[in-house]
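Before any comments, here is the structure.
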């Protein structure tokens, strides 16, 4: 039974991936559970396109094996390069890894902690440098720049702002890459070695790589925890299935990527919510947030409609923030309504099956609607990484647009 439960989160989504037609809007997903008793069940899709120079593409995976629900890439720091597993986050700019001598606090991580004294190309950045100003850093007694970053969940990192060689692959490196050598790192980071910032600020990886690789990056977050997606820095040939929407800027949040969500379709039913409910606070697209947070009015309408279409399944208790859950034990197939986001310029983003239903515990057959009501303390709506799974998301910063290609990994 446990094997059957584990295989549930690796469901083969029929008629969805591997080049399914986008000609007509999809109203429902049909998911078969036949031939899924093996925990190794997965989906092999041919890539929609191959990366070509000067872009650099590296594999990404779920960080579940490191105790996080964010997504992870492995990159090299220093000379000689040493490999580190880091999460990537479009909601922040400063990249960092934990560093010796850990004068404040270092948590347990996956790989040996970086020792800057063993890198031939490492150097601390003086506080008089423009990079220190870009990081909003401060000076220590030796004139060294000290960075300090706090995230929305109150976790934080601080230490010496530094530069060293960042190796994206064995054949592609950024010399003099500015990053934080974290010596005091507090909060819930799992066992990851650090973080790569993909925000709009000057110190993010895309900004630092723009002169060499171009002002575009993209990623595909895999549908299943056991499979790979990819992170690409630079421009690559784009599928003809791409749909672009405008990249919206908000002066109060210059590093964030906003989109103008105006409505949500569930199973062919458009939620009866005025567009201003979405546009007034704005909607952030974020790879570092797990769920999608909607205005309470919109979430209630989505939840109620979802429940209406799921009456044939046994309800299950809430799982933390997830209040709409079902027990699929014994089911041979699961039918759920399709969900799509519509933006003010007419662009539509169709979600994957696993962008709608999330299975919080790999050992059970309980699946939950992967949305939540936005807390009052949250200043805007957020489209999280669960909803982005399996789609290539393209950030064309130069053209100020964001593209979506469903079924890309």
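Numbering (mature numbering (1 follows the signal peptide of the UniProt record, and there is no 0)), first residue to last: -23 to -1, 1 to 386. Built from N, CA and C at the ideal position, the CB exists for glycine as well. Keep in mind the model is a prediction, meaning the values are calculated, not measured.
- If you ignore the 5 residues before and after residue 240, its C-beta comes within less than 6 angstroms of the C-beta of 247, 319, all in its own chain and listed in chain order.
- The alpha carbon of residue 293 has as its nearest neighbour, out of 336, 255, 312, the alpha carbon of 336.
- Cβ-Cβ distances below 6 angstroms link residue 346 to 283, 301 in the same chain, with the five nearest sequence neighbours on each side left out; the list follows chain order.
- For residue 65, no alpha helix (DSSP H) encloses it; the enclosing beta strand (DSSP E) starts and ends at 59 to 66.
- For residue 357, the secondary structure class from DSSP, reduced to helix, strand or coil, is coil.
- Closest by C-alpha distance to residue 157, out of 100, 183, 110, 71, is 71.
- Contact annotation: the region 94 to 113 does not touch the region 253 to 273, with fewer than three C-beta pairs closer than 8 angstroms.
- As the crow flies, the alpha-carbon of residue 212 is around 32 angstroms from that of residue 93.
- A contact between stretches requires three or more CB pairs, one per stretch, nearer than 8 angstroms, and the region 126 to 133 meets this requirement with the region 158 to 165.
- Taking 8 angstroms as the cut-off, the Cβ atoms of residue 316 and residue 333 count as close.
- In the three-state scheme derived from DSSP, where H, G and I count as helix and E and B as strand, residue 214 is classed as coil.
- Straight-line measurement puts the Cα of residue 222 at about 21 angstroms from the Cα of residue 207.
- Per DSSP, the unbroken beta strand (DSSP E) holding residue 378 starts and ends at 378 to 382.
- Here residue 376 is exposed, its C-beta having fewer than 16 other C-beta atoms within 10 Å.
- Shown here for residue 88: same chain residues with a beta carbon closer than 8 angstroms to its own, the five before and five after excluded, namely 59, 60, 61, 62, 170 in chain order.
- A direct Cα-Cα distance of roughly 28 angstroms separates residue 194 from residue 122.
- Around the beta carbon of residue 231, fewer than 16 other beta carbons lie within 10 angstroms, which makes this residue exposed.
- Assignment of residue 184 by DSSP, reduced to helix, strand and coil, places it in the helix class.
- By the C-beta criterion, the region 39 to 56 is judged to be in contact with the region 138 to 153, since at least 3 inter-stretch pairs fall below 8 angstroms.
- The beta carbon of residue 98 sits closer than 6 angstroms to those of 56, 141, 142, all from its chain and outside the five residues before and after it, given in chain order.
- If you draw a straight line from the Cα of residue 325 to the Cα of residue 220, it comes to about 7 angstroms.
- Listed as beta-bridge partners of residue 278 by DSSP are no residues whatsoever.
- Residue 379 has its alpha-carbon roughly 10 angstroms from the corresponding atom of residue 262.
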